[in-house]
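**Q**
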Amino acid sequence: MVRFNIEFIIDKDVCFTYWLQAIFKWSWFFGEKKAKHYRRFIKKNKLSEKIALFVFKKILQRRNNKYFWLWDRYSNKKISNIFENLLWNLIKKVFKYNFDVIWKNEEESLKKWQIQLLEYDFSLFNDALERVANFLLVKDFNGFDLKIKLLFGSEIGVSAHVKKEFPNLIILSVPSFNRENLNSVIGTIIHELIHKFEYESAITDSLFKKSYKNIIEPNNINAPSDYKWKYLLKESMLRAISSSRMNTYIGRLLTNDNEIIQKDVVKFIFTKKESINPEFLIRVVAQKIEQLTTEYLNKNMVIDEKYCDFISQVWVDLFSGEGRALG
Ligand SMILES: [Zn+2]
C-alpha cells in the first residue's frame, strides 16, 4: 500500500516568483514561447521594470544558476540577507500592478484544478508505483508526503519541476482549467514522483555512467545544446514511464483510447541536427524505449546494463543518421 499524503497549494507569492523568472532570460534554460505567453500583460517594459529585471537577474545569477534562490522562495523560506530582502520587495512592488491583472485572470482556473486534484484517487497507481520503485531499486519506499504548488501556465501545456534538495515539494504549472487535460496533469505529477524515486535509486547513476562510457563516448557525440548526457538518458527513461503524454507506461493506465495515444506519437526525421530541440529528442527516445520499459515493469524486473545500453543506443542512432528510419 502506497501512502499518498499530498497537499495541493495555491500560493500567490510562489506564482509571482515563477512568473517573473519565466519572462526573461537569466539562465541557459529559457523558452521564448513560454516567456511570450507569460509576458502577455506587459506591453513594453518601463524603465523601472527593466531595472527591476536587471537586479533580479543579478540576484539569481549570484547563485551560479543552481536555482536554489528560487526554490527557497517556492518553499516560502524567508530571505536572510536584509539588503536582498529589500531589493526583492522593491522588485515585487514594481510588478505588482501587472501581476495583479494576471492573477485576476488565472486564480479561478487554479482553484478549479485544486478541487479536481484534491478529489483525485492516487491509490490507482499503488501497483504501478511499487513496480517502478522495484525497477529503480528504491529501498524503504513507503509513500509520499508532498506539497504540490500550483502555478498558472495556460496554453503552454503541463510542466513541473522537482529539486533533490527539496524532497517534499513539487511545483506544477497547469494549463487553463479543462477536465480534458486532467490525465496530462496526473501523468506529469506521477513523472515528478518518479523523479523522487530516481533520487533514491541505489543504482541508476552507476548504470547510466557505465552505459555512457560503453556506448555514447566511443561514438564521440556531444549532447545537444547545453544538456548533459546524464540528464538526457535518465529523463528519457522517466518519460517512457510517465509524462503529460499518454504513450507511456502510466499513460496507458490512464486511458486506452487509441486515438489519444496515437495523437502523442512523435515523428522524427533527421534534418538539421542543430535545429532539433533536445526536449523533442527526449520525447522521441522515450517513445522508442516505452515498450522495453513496460516489459521490465510488467515482469517486475530491476533496471540493468542491458536496459541502459538500449537507451544509449537509441540516442546514438538518432545522431548517427540511422534515426532516419524512425521518420
Ligand atoms: Zn523529468
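Take any residue in the sequence shown, note its place counting from 1, add 41, and you have its number in the working numbering. Each residue gets a CB set at the ideal place from its N, CA and C atoms; glycine is no exception. None of the values given here were measured: they were computed from a predicted structure.
With a threshold of 6 Å on Cβ separation, who are the neighbours of L359 within its own chain once the five nearest residues in sequence on each side are excluded?
**A** none
**Q** Using beta-carbon positions only, say whether V343 and L170 come within less than 8 Å of one another.
**A** no
**Q** Once the 5 residues before and after V325 are set aside, which same chain residues still bring their CB inside 6 Å of it?
**A** V307 and F309
**Q** So what does H232 bridge to, in DSSP terms?
**A** Paired residues: none, contrary to the question.
**Q** With a threshold of 7 Å on Cβ separation, who are the neighbours of A264 within its own chain once the five nearest residues in sequence on each side are excluded?
**A** W270 and L273
**Q** Looking at C-alpha atoms only, which residue of G228, N105 and E276 is the closest neighbour of I291?
**A** G228
**Q** So, helix, strand or coil for K340, using DSSP?
**A** coil
**Q** As a quick check of your reading: which residues have a C-beta less than 6 Å from at least one non-hydrogen atom of ligand 1, in chain order?
**A** For ligand 1, residues qualifying as neighbours are H232, H236, E276 and L279, where qualification means a beta carbon closer than 6 Å to at least one of its heavy atoms (chain order).
**Q** Indicate whether S361 and N260 have their beta-carbon atoms separated by less than 8 Å.
**A** Their beta carbons are under 8 Å apart, which means S361 touches N260 by this criterion.
**Q** For Q62, which of D350, K250, L192 and C349 has the nearest alpha-carbon?
**A** L192
**Q** So V215 packs on V226, CB below 8 Å; how close in whole Å?
**A** 6 Å
**Q** On the three-state DSSP scale, how would you describe S285?
**A** coil
**Q** Pick helix, strand or coil for V215, following the three-state DSSP scheme.
**A** strand
**Q** Quick check on the DSSP output: what are the complete beta strand (DSSP E) runs of length 3 or more inside the stretch 43-129, in order along the chain?
**A** 44-51
**Q** Does the stretch 67-87 come close enough to the stretch 119-129 to have 3 or more Cβ pairs within less than 8 Å?
**A** no
**Q** Per DSSP, which one or two residues make a beta bridge with G292?
**A** According to DSSP, G292 bridges with nothing at all.
**Q** Let me check one thing: in DSSP terms, what residues is S200 bridge-paired to?
**A** S214
**Q** Between the C-alpha atoms of D54 and K66, what's the straight-line distance to the nearest angstrom?
**A** Their backbone Cα atoms lie some 20 Å apart in a straight line.
**Q** Which of the three DSSP states is assigned to F238 in this structure?
**A** helix
**Q** Using a 10 Å radius around the Cβ and a threshold of 16 neighbouring Cβ atoms, would you call M374 buried or exposed?
**A** Residue 374 falls outside the range modelled here, since the chain spans only 42 to 368, and no answer is possible.
**Q** Just verifying my parser: in three-state terms, what is the DSSP assignment at D162?
**A** coil
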